[in-house]
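Quick notes on the structure that follows.
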Amino acid sequence: MFELCKVTDLEDDIPLECVGPDDEPIVVVRHNDNYYAVQGLCPHQEAPLADGEVVNGTLVCCLHFWTWRLADGEPLEEADMPLKTYPLQVADGVVSLVD
Ligand code: FES
47 MFELCKVTDL EDDIPLECVG PDDEPIVVVR HNDNYYAVQG LCPHQEAPLA
97 DGEVVNGTLV CCLHFWTWRL ADGEPLEEAD MPLKTYPLQV ADGVVSLVD
């Protein structure tokens, strides 16, 4: 189990950039009491997705507004490739990647 952040590090609908096991950026979002983790860099031109905005369960890139569903990384507005998503476990106030 790899710890990404504490529950208390997160504000609702505010993306938080964390560091994955291979030093890769991973963005964690809490939305409606659900926790999501997606790749940290936009697949378009590598903007940090932690600078994006959460809108109704989607994540919108700050640069050209490509948009994905947080739940499964499926591309929506403009985006033509999915985001990598990571299964999470939340226990004892800690958000971790599931092995
Ligand atoms: S860099 Fe994210 S949409 Fe272009």
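With the sequence shown counted from 1, adding 46 to any position gets you my numbering.
For glycine and all other residues, C-beta sits at the position ideal for the given N, C-alpha and C.
With 16 other CB atoms within 10 Å as the buried threshold, where does residue i fall?
i, result
"Leu122", "exposed"
"Gly139", "exposed"
"Pro67", "exposed"
"Ala83", "buried"
"Ile60", "exposed"
"Ala117", "exposed"
"Val144", "exposed"
Is residue i a contact residue of ligand 1, with contact defined as CB to any heavy atom under 7 angstroms?
i, result
"Gln85", "no"
"Ala93", "yes"
"Leu109", "yes"
"Trp112", "yes"
Given residue i, which residues of its chain have a CB within under 8 angstroms of its CB, disregarding the five upstream and five downstream residues?
i, result
"Glu70", "Gln85 and Gly86"
Kindly list the residues whose CB is nearer than 7 angstroms to the CB of residue i, restricted to its own chain and excluding five residues on each side of it in sequence; keep chain order.
i, result
"Ala51", "Ala is not the amino acid found at residue 51; the sequence shown has Cys there. Excluding residues within five positions, the ones whose Cβ falls inside 7 angstroms are Leu62, Cys64, Val74 and Val141."
What are the uninterrupted segments assigned as alpha helix (DSSP H) that are 4 or more residues long and contained completely in the stretch 50–126, given in chain order?
Listed in chain order, there is nothing to give.
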